[in-house]
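To start, the structure itself, in structure tokens.
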């Protein structure tokens, strides 16, 4: 299991990167944010109590 400050292994993930309809998602990989910090929320798509829009709403409130 990975924890805070661990590096992700090589990967390719579908990501919600915007709330806009034109650029709502894209594929990111292990080099997309190289040299910077990146927070990745991973969870099942269906039957969850939190959505990407809720995460996006809370991000500015947290100062991120």
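Numbering (my numbering), first residue to last: 1072 to 1135. Backbone N, C-alpha and C define an ideal beta-carbon position, used for all residues, glycine too.
- Starting from the Cα of residue 1104, find the closest Cα among 1113, 1095 and 1082 and give me that residue. When only C-alpha atoms are compared, the closest one is 1082.
- Message: Among the candidates 1131, 1125, 1128 and 1101, whose CA atom is the shortest distance from the CA of residue 1077?
- Response: The shortest C-alpha separation from residue 1077 is found at 1101.
- Integer Cβ distance of residue 1096 from residue 1087, believed to fall under 8 Å: Indeed, because the Cβ distance is near 5 Å, the residues count as touching under 8 Å.
- Among 1131, 1098, 1125 and 1112, nearest to residue 1085 - alpha-carbon criterion: The candidate whose alpha carbon is nearest that of residue 1085 is 1098.
- Item | Where the beta strand (DSSP E) through residue 1084 begins and ends | Residue 1084 -> beta strand (DSSP E) spans 1083-1087.
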